[in-house]
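In the working numbering, the protein residues as written are 98 to 230.
Every residue gets a Cβ at the ideal spot worked out from N, C-alpha and C, and that includes glycine.
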Ligand SMILES: [Zn+2]
């Protein structure tokens, strides 16, 4: 049973009656990023989003929808903006800001403390090259 990633609402008789529709995460990278921002602002973990994750129409302003062939279609560039407070979302309390993974490692240490730090990396590279050639 598909359910909304944000509020946990499931597609059932009730949601049908309320004309609630469920929408996949957009494939467009920029729009998708905005959806993630919405998740973060709701303390939801964006790394839990899968291909099958859905967000229900309750989180979108009505102007984001297009009605076509009796179907409700979400505008391609629509971004969720409405937070629906439900008990379930309180279970998913995650820190709001996640610090991006720091790309430190070899390059950074090498430039700050001289060539010696690069040696182990070079060694492994050389071994690989020697082996193959
Ligand atoms: Zn929802």
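- Each of 101, 103, 104, 106, 153, 155 has a C-beta closer than 5 Å to some heavy atom of ligand 1; these make up the full list, in chain order.
- Judged by DSSP in its simplified three-state form, residue 151 adopts strand.
- Secondary structure at residue 126: helix, using DSSP grouped into helix, strand and coil.
- Segment contact: the segment 114 to 121 against the segment 131 to 141, fewer than three CB-CB distances shorter than 8 Å; contact not assigned.
- For residue 120, DSSP records a beta bridge to 152.
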